[in-house]
Amino acid sequence: MNLDFTPQEEAFRQEVRSFLKEQLPARLAGKVRTCKRLSKQDMEQWHAILHARGWLANSWPEEWGGTGWSLAQRYIFDVETAMACAPRIVPFGVMMLGPVLIKYGSEAQKQYFLPRILNGSDWWCQGYSEPGAGSDLASLKCAAIRDGDHYVVNGQKTWTTFGHFANMIFCLVRTKKEGKPQEGISFLLIDMNTPGIEVRPIILLDGKHEVNEVFFSDVRVPAGNLVGEENKGWTYAKYLLTHERTNIAGIGASMAAFEWLLHIARAQKKNGRPLAEDPYFAARLARLEIDLENMKTTNLRVLAAAGQGVAPVAESSMLKIRGTEIRQEITALTRRALGPYAQPFISEALDEGFKGAPVGPEYAAPVAVEYFNNRKLTIFGGSNEVQREIITKAILEL
Amino acid sequence: MDFNHSEYRQMLVDMLGRYLNQRYSMGVRHGIAQSDAGWSAEHWAALAELGVVGALFGEAVGGFGGAGFDIGAVFEQLGKALVVEPFLGTLMAGTALAQAGGHAELLNEMIAGQAVVVFAHEEPQSRYDLRDVETRVLETADGWALTGSKAVVPQIEAADWILVSAREAGGISLFLLGKMVAGVSIRGYPMIDGGRGGELILEGADAKRVGSPGEAYAIVEAAYAAGNVALVWEAVGIMDVLKAATLDYLRTRKQFGVPIGKFQALQHRMATMALEIEQARSAALNAAAALGAGRLERERKAAAAKFTIGKVGTLVAEEAIQMHGGIGMTWELPLSHYAKRLTMIGHQLGDEDHCLARFIALGLGPEGATA
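Residue numbers (my numbering), protein chains in the order written: chain A, 28 to 425; chain B, 12 to 382.
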């Protein structure tokens, strides 16, 4: 038993820290720290910086331009970048599509698409959910019918994050209606500029445009854009869920957000004393901190098991559930910490270059927005209720 | 990082598990736990012979373990079998004696299973506050005499010696007490979760001094830290048993024509229970890893773990009974006895609220001065 990282891993941590010190632009870190909205250019800038260092695709093998890092290294990188307030890596191309292509894509697909993910030529979005297929994803209907060298796609995708930035979308499409729903799904890569695609914004509860609906009418997609075999798409999608989710708990993001919460709870006053010392609030903070500390070790245990070849099925779901619950609780306590000043909604204050006077404490403006926006965490990526089903299925074996 | 036991420790775990499996069945355990003595001198001697007591102590005092993970490994197995023998008192008294220095002979006897020593620190009014000691010391012609009360000491009737704390010289001191001396009376009673405990009443009882006058608080804290690591791992062992039993029941019990594990309401509760158990195991790992660290780190991790176990233990005990339905309420099913022990662990050495308050206090200032 030994809960410490190895000296080599600690040396790696120092390497990441000095990289961040030198290369993470203060402008970006400042925006992330104060929860300002990041532009597409901000995210692309950070990707380019990581790519220049060879650290963008940290879950890919070296032969495809990845880092070849161990799970422990990836964990350390995740924590250090989050604590330094670096923008998060946009996951769709690098984290989600890349590993699927590397495992199941054709040589031509790998040669063409992987470098374009790294150099930023393509911005990918994910076409999984549909209006009638949320938690029951396998019931998806968006149809792709083979017509010579093409598939013709008709249907609708929804909740497409950054669909309005993307030039490419990877989709789960129905290629067979008979049999089990899971066995008629294919994994298709589609150019967003193909005629017949329409992207419409969905405005979320914070008034902002982050997700979209994507409509497909007679969209012709080259058959060469099918990943792997027809009707095996569900397997490819599930591969991601079991093999690429060891950082799903978002420990780094939670650690950084918890630090920010402590900063605010110490600055806020109640009865002339720091709110962090108020017995009721202190108890809320302590419960959260203990849960987070336990979660760190749970995550490291899953990493260690995965490193020994144990596919973490139930464990990934546990990390997702508790990791997102913790992150939500952090945003909830941050909201509570503000008291009445959670209410004013100065949306412009979340944009770069806002020169107006803050209402209430300078850190107040994004807090309620972050809280409401992060309600999504327990819904997306398989709702936490679906994760509970996965856990029970795995351990109950009924 | 390495979450596996060393080869030596794994051997200890396997050996202890095998012994308990073969010789300490639930029937045997019930017989012992409900007996007049409330423990078995025979099993105690056999387990000491196997080196189980020695595993709790470092080489400096004649043991061959003593690290947080040694203690954890032993108590996890003890939890799985609901062992009632005086391991916790032995661990805490032995840790305190080792910290105080001297007492090599007594420690050797403890490790060999020839002497049982328990630790009587908490008092009827103290409610987990380790500094709240009212027992008084009077210097006599040939030593010291203690007057006061000690509360709910597990297996105190089994002890040959009792390590007792008392207030003195502006601090806390430790004394060793023979059970049969004048001025010592014990009111023994059975415990709800099996085995026995007792109240210790001291009326001018002759005692031998341990360590320096007024300086034992740090020793008490260290003994409690070790005790907390033991209890959280005992709880982890119990929770694994409850989880396995509940899973098995969900698979086999049929209602409405299907195994009840097919019902989503129960599936979600089971998933939450499984998740919480893993969080509790992580907390126990953190506490065991920190037992040899500096005071603040050790105490914070112990408080966090005991808080987590208090919270999760109650959930797991209650949910296991609920998901079993009526049969979970019966004496006959081992489950109910695991649930009782798990719940009562939450009442030992500091409950959930106490540990949370302590965790908070330890976080204020560099020394956790107010804790």
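Glycine is no exception: its CB is placed at the ideal position from the N, C-alpha and C atoms.
Computed from a prediction, not measured in an experiment: that's the story for all the values here.
- Taking PRO228 (chain A) as the centre and dropping the five residues before and after it, the same chain places the C-beta of HIS236 and ASN239 closer than 6 Å to its C-beta, in chain order.
- Here the alpha carbons of GLY409 (chain A) and THR188 (chain A) stand approximately 15 Å from one another.
- Close to ASP233 (chain A), with beta-carbon spacing below 7 Å, lies no residue of chain B; the smallest spacing is near 29 Å.
- If you draw a straight line from the Cα of SER244 (chain A) to the Cα of GLN209 (chain A), it comes to about 23 Å.
- Between the region 359–379 of chain B and the region 307–318 of chain B, the count of Cβ pairs shorter than 8 Å is three or higher; the stretches touch.
- Residues of chain A whose Cβ lies closer than 7 Å to the Cβ of ALA282 (chain B) are, in chain order, ARG415, ILE418 and THR419.
- Under a criterion of Cβ atoms nearer than 8 Å, the residues of chain A adjacent to ASP13 (chain B) are, in order, MET28, ASN29 and ALA331.
- The continuous stretches of alpha helix (DSSP H) do not include PRO388 (chain A), and DSSP gives it neither H nor E.
- By the rule that beta-carbons nearer than 8 Å mark a contact, ALA313 (chain A) touches chain B.
- DSSP lists no beta-bridge partner residue for GLN88 (chain B).
- Counting of Cβ neighbours within 10 angstroms places ARG354 (chain A) among the buried residues, the total reaching 16 or more.
- Boundaries of the beta strand (DSSP E) around THR151 (chain B): 147–151.
- Approximately 16 Å separates the beta-carbon atoms of ALA111 (chain B) and GLU120 (chain B); this is outside 8 Å, ruling out the contact.
- When rounded, the separation of the alpha-carbon atoms in ARG363 (chain A) and TYR398 (chain A) is 10 Å.
- Residues of chain B with a Cβ closer than 9 Å to the Cβ of ASN274 (chain A) do not exist, since the nearest Cβ in that chain sits about 15 Å away.
- Taking 8 Å as the threshold, the shortest C-beta distance from ASN297 (chain B) to chain A falls below it.
- In terms of Cβ geometry, LEU67 (chain B) and LEU27 (chain B) do not form a close pair [threshold 8 Å].
- In this chain, the alpha helix (DSSP H) harbouring GLN138 (chain A) covers 134–146.
- The alpha-carbon of ALA170 (chain B) is positioned some 16 Å away from that of PRO201 (chain B).
- Residues of chain B with a Cβ closer than 9 Å to the Cβ of ASP318 (chain A) are, in chain order, GLN290 and THR319.
- Between the region 268–285 of chain B and the region 40–60 of chain B, the count of C-beta pairs closer than 8 Å stays below three; the two stretches do not touch.
- Taking the beta carbon of ILE82 (chain B) as reference, no residue of chain A falls within 9 Å; the closest one sits roughly 12 Å away.
- Residue pairing from DSSP places ARG178 (chain B) in a beta bridge opposite B:ARG147 and B:ILE183.
- By the 16-neighbour rule on beta-carbons within 10 angstroms, ILE82 (chain B) is buried.
- Comparing alpha carbon positions, the residue from A:PHE308, A:ILE317, A:TYR307 and A:GLY299 closest to ALA291 (chain B) is A:ILE317.
- One alpha carbon belongs to LYS296 (chain A), the other to PRO388 (chain A), and they sit about 11 Å apart.
- Using a Cβ distance threshold of 8 Å, HIS114 (chain B) and SER176 (chain B) do not count as a contacting pair.
- Annotation: GLY100 (chain B) to GLY77 (chain B) spans about 15 Å, alpha carbon to alpha carbon.
- In chain order, VAL127 and LYS130 place their CB closer than 7 Å to the CB of TYR266 (chain A), counting only its own chain and leaving out the 5 sequence neighbours on each side.
- When DSSP states are grouped into helix, strand and coil, VAL192 (chain B) belongs to the coil group.
- Taking 8 Å as the CB threshold, LEU367 (chain B) lines the interface with chain A.
- A Cβ-Cβ contact shorter than 8 Å links ALA237 (chain B) with THR106 (chain B).
- Counting along the chain, the unbroken beta strand (DSSP E) around CYS152 (chain A) starts and ends at 151–154.
- The distance from the Cβ of GLY90 (chain B) to that of VAL164 (chain B) is about 20 Å, inconsistent with a contact at the 8 Å cut-off.
- Membership of TYR178 (chain A) in the beta strand (DSSP E) is indicated by the continuous run 177–184.
- Note: HIS236 (chain A) is bridge-paired with A:ILE230 in the DSSP secondary-structure output.
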